[in-house]
Amino acid sequence: MSELEARLNEMRKDTATWKDAAEEMRKAAKMVADVKDLSTAFGYLGRKGQADTTYATLNDTLKSLADQADTVFRDVEGKLGKVISVYEGAEAQNKELVNRIKAGWTF
1 MSELEARLNE MRKDTATWKD AAEEMRKAAK MVADVKDLST AFGYLGRKGQ ADTTYATLND
61 TLKSLADQAD TVFRDVEGKL GKVISVYEGA EAQNKELVNR IKAGWTF
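This is the structure we're talking about:
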């Protein structure tokens with residue numbers, strides 16, 4: 001395995017890690033959105049606590065942060081994927097050039 005192939009494998013692992021992190025953020029955003037209604041989230045205490053607007057603001061903020069993290073993590077994943085594609089293309093071209101050169105050699 002060449003040095004480039006080793007680095008590409010490492011980048012693939014990194015890409016998978018970013019993808020997993022994005023998925024977790026999507027799950028977190030959904031869970032936060034699912035408990036937006038204070039009475040649904042906390043039942044009787046939620047209705048009696050009279051903190052609906054404060055809780056709703058906090059809920060919106062948490063959902064927004066989770067959505068932003070999901071977007072950023074997916075962006076990083078996509079950029080790593082593009083870098084991998086470029087290097088894989090370059091590696092394939094390099095191998096083809098070497099094969100052409102070898103084809104012309106006679107010993």
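In terms of the working numbering, the sequence shown opens at residue 1 and continues consecutively. Idealized CB from N, CA, C, for every residue including glycine. Quick caveat: nothing in here was measured; it's all calculated off a predicted structure.
Rounded to whole angstroms, GLY89 and LYS102 show a C-alpha spacing of 20 Å. For the set GLY78, GLU3 and ASP67, the Cα lying nearest the Cα of MET31 is the one of ASP67.
Counting C-beta pairs closer than 8 Å gives three or more between the region 74-83 and the region 11-25, which meets the contact rule. Between the alpha carbons of GLY81 and ASN59 lies a gap of roughly 33 Å. Secondary structure note for ASP37: it is in no alpha helix (DSSP H), with a DSSP letter that is neither H nor E.
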